[in-house]
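*Asks:* Dropping the structure in here first, questions after.
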Amino acid sequence: MKTLRSAPLLLVLLTLAWGCSDDGGGGDNPEVTAPEVARQLTTDASYDGEATVSPDGGNVVFVSERSGDYALWQVAFAGGTASLLVASPASKPFFASNGDLYYSKSDTLMRIPAGGGAAVAVDGVTGSAQLSPDRDWYLWSAPEPGQFDPYCIWVQRADLSEAAVKLTSPVEGDRYPAWSPTGDRIVFSRSHPSNSNTHLYVMDADGSNLHALTDTSLDVEDRNPAWSPDGDWVAFERGGTGIGEEKLYKVKTTGETTTDPAVRLSWETAENDDDGSPCWSPNGKWIVFEADRGGNTDIYVVGEDGEPHSKARGFGSNPLMP
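At the far end of the sequence shown sits residue 546, using this note's numbering, and the numbering has no gaps.
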């Protein structure tokens, strides 16, 4: 998928009711047609991607170019009109466990309190850092200081009381790290030193017990992993020579694999369509992701089992209800 380079509205984001219509698309929600099972959430002609779901499940924050440059926008999970949340430059949004919204501004990590207010810079850490569920540690991928490659996985205490610790020393590169819901494990994508293949690996939060999560014999590129809220699954995008354009998959997180256990979640409508950057809803029932359909990237939603996001599955008055 495409790689990207405040405000009191956050209170609205965390309490907004369900109904409105998307900014660029007149509010229509296209019907699901076979073989596609995902529901389109945004329809603007500009790039929409890097979505994350608010802790209450009511809203989706995403990166969009619709204002002319990369900025943060929000839309109700039920669909509707998107509104500007944070002006450019802004990218890589994520919510902390306490509801604070973090994002990257020119490689500076920014934070908006859950109750609203002005964004403040988080000093001393890279703009791509991810905060652990207990908010005690930062996690990121970067080369050694002064180097360009390879990318390694790093952690550092959130109070910056200790120096950053390098957890991996790869030959080629480790990227896209993500915390497990309990903060005791880290999943990431590791590049193969002799080809363009990448596969998912899991390790404990201290770097121990490293093992492959997806089948390393496959000629694929597995990237952008995201843990399910219960920690049992990791959703990710898979592309590469053996697959073609990226599609969404999920894989069980139980131990080392010898044969590929990945389950496909999304199905293209054309050969050059691709899907990526998944994010789970807080209840684990839905996966929000970015998808290129016919040359335009928008936000879509699919059931965690690959089923349509539809009224038949509880969507309507409250899509988070069983």
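Glycine residues also receive a C-beta, built at the ideal position from the N, C-alpha and C atoms.
Run through DSSP, which three-state label would L424 get?
*Replies:* Strand at L424.
*Asks:* Is the segment 464 to 475 touching the segment 415 to 425 in the sense that three or more CB pairs, one from each, lie closer than 8 Å?
*Replies:* Yes, they touch.
*Asks:* For D446, count the other beta carbons within 10 Å of its own beta carbon; 16 or more makes it buried, fewer makes it exposed. Which is it?
*Replies:* Buried, since its Cβ has 16 or more Cβ neighbours within 10 Å.
*Asks:* E400 by DSSP, collapsed to three states: which one?
*Replies:* The sequence given here places Tyr at residue 400; Glu does not occur at that position. Three-state DSSP puts Y400 in a strand.
*Asks:* Three or more C-beta pairs closer than 8 Å, one from the segment 360 to 380 and one from the segment 324 to 332: is that the case here?
*Replies:* Cβ pair count under 8 Å is below three, so no.
*Asks:* For W491, report the span of its beta strand (DSSP E) as first-last.
*Replies:* Neither: W491 is in no beta strand (DSSP E) and is coded neither H nor E.
*Asks:* Taking only runs of the beta strand (DSSP E) that begin and end inside the segment 428 to 463, which ones reach a length of at least 3 residues, in chain order?
*Replies:* Runs of the beta strand (DSSP E) inside the segment 428 to 463: 445 to 451.
*Asks:* By the 10 Å Cβ neighbour count, where 16 or more other Cβ atoms means buried, how is P449 classified, buried or exposed?
*Replies:* The residue is buried, with at least 16 neighbouring Cβ atoms inside 10 Å.
*Asks:* Flag this pair as touching only if the segment 387 to 404 and the segment 422 to 441 have three or more C-beta atom pairs under 8 Å; answer yes or no.
*Replies:* Output reads yes: the segment 422 to 441 touches the segment 387 to 404.
*Asks:* Candidates W378, W451, V444, D358: which alpha carbon is nearest S404's?
*Replies:* Considering only alpha carbons, the answer is W451.
*Asks:* Determine the DSSP secondary structure at S312, reduced to helix, strand or coil.
*Replies:* Coil.
*Asks:* Please state if the CB of D499 and the CB of E470 are separated by a distance shorter than 8 Å.
*Replies:* Yes, these two residues count as a Cβ contact at 8 Å.
*Asks:* On the three-state DSSP scale, how would you describe G500?
*Replies:* Of the three classes helix, strand and coil, the one that applies to G500 here is strand, per DSSP.
*Asks:* Helix, strand or coil for L472? Go by DSSP, reduced to three states.
*Replies:* Correct three-state label for L472: strand.
*Asks:* Exposed or buried, what is A262 when buried is set at 16 or more other beta-carbons lying within 10 Å of its beta-carbon?
*Replies:* It is buried - the Cβ of A262 has at least 16 other Cβ atoms within 10 Å.
*Asks:* Within 10 Å of its beta-carbon, does D522 have 16 or more other beta-carbons around it, so buried, or fewer, so exposed?
*Replies:* When all chains shown are included, D522 counts as buried.
*Asks:* Quick one: what does DSSP say I170 is sitting in, helix, strand or coil?
*Replies:* Outside the shown range of the chain (225 to 546) lies residue 170, about which nothing can therefore be said.
*Asks:* Quick one: using the 10 Å Cβ neighbour count with 16 as the cut-off for buried, is T478 buried or exposed?
*Replies:* Classification for T478: exposed.
*Asks:* Considering only C-alpha positions, which residue in the set G530, Y524, L309, S432 is nearest to G340?
*Replies:* Of the listed residues, the one whose Cα sits closest to G340 is L309.
*Asks:* To the nearest angstrom, how far is it from the Cα of S413 to the Cα of A436?
*Replies:* Each residue's alpha carbon lies about 10 Å from the other.
*Asks:* In terms of residue numbering, what span does the beta strand (DSSP E) encompassing N283 cover?
*Replies:* It spans 283 to 288 - the beta strand (DSSP E) in which N283 sits, taken as one unbroken run.
*Asks:* Return yes when the Cβ of Q380 is within less than 8 Å of the Cβ of V344, no when it is not.
*Replies:* For V344 and Q380, no; Cβs fall outside 8 Å.
*Asks:* Counting only the same chain and skipping the five closest in sequence on each side, list residues whose C-beta sits under 8 Å from that of V487.
*Replies:* Closer than 8 Å at the Cβ level, and outside the excluded window around V487, lie Y473, K474, V475, G530.
*Asks:* Going by DSSP, which residues form a beta bridge with P366?
*Replies:* Checking the sequence shown, residue 366 turns out to be Ala, not Pro. Looking at the DSSP assignment, A366 forms a beta bridge with C376.
*Asks:* Near P401, which residues of its chain fall below 8 Å by C-beta distance, leaving aside the five closest residues on each side in sequence?
*Replies:* Within the same chain, P401 has close Cβ partners Q354, L363, W364, S365, I377, I410, V411, F412.
*Asks:* How would you label N283, buried or exposed, when you count the other beta carbons within 10 angstroms and need 16 or more for buried?
*Replies:* Buried.
*Asks:* Thinking C-beta only, is S315 closer than 8 Å to V287?
*Replies:* Yes. Within cutoff.
*Asks:* So is L296 buried or exposed if we call it buried at 16+ other beta carbons inside 10 Å?
*Replies:* Classification for L296: buried.
*Asks:* Looking at A311 and Q298, is the spacing between their C-beta atoms short of 8 Å?
*Replies:* Against a cut-off of 8 Å, the Cβ pair of A311 and Q298 comes out as no contact.
*Asks:* Quick check on G292: buried or exposed, where buried means 16 or more other Cβ atoms within 10 Å of its Cβ?
*Replies:* The residue is exposed, with fewer than 16 neighbouring Cβ atoms inside 10 Å.
*Asks:* Note down the Cα distance separating D247 from L434, rounded to an integer number of angstroms.
*Replies:* For D247, the predicted model reports a pLDDT of 37, less than 50, meaning its position is unreliable and no value from the coordinates is stated.
*Asks:* Which same chain residues, not among the five before or five after V444, have their C-beta less than 6 Å away from its C-beta?
*Replies:* Once the five neighbours on either side are set aside, the close Cβ partners of V444 are R462, G464, G466, I467.
*Asks:* With distances taken between CB atoms, is the gap from S352 to G407 smaller than 8 Å?
*Replies:* No.
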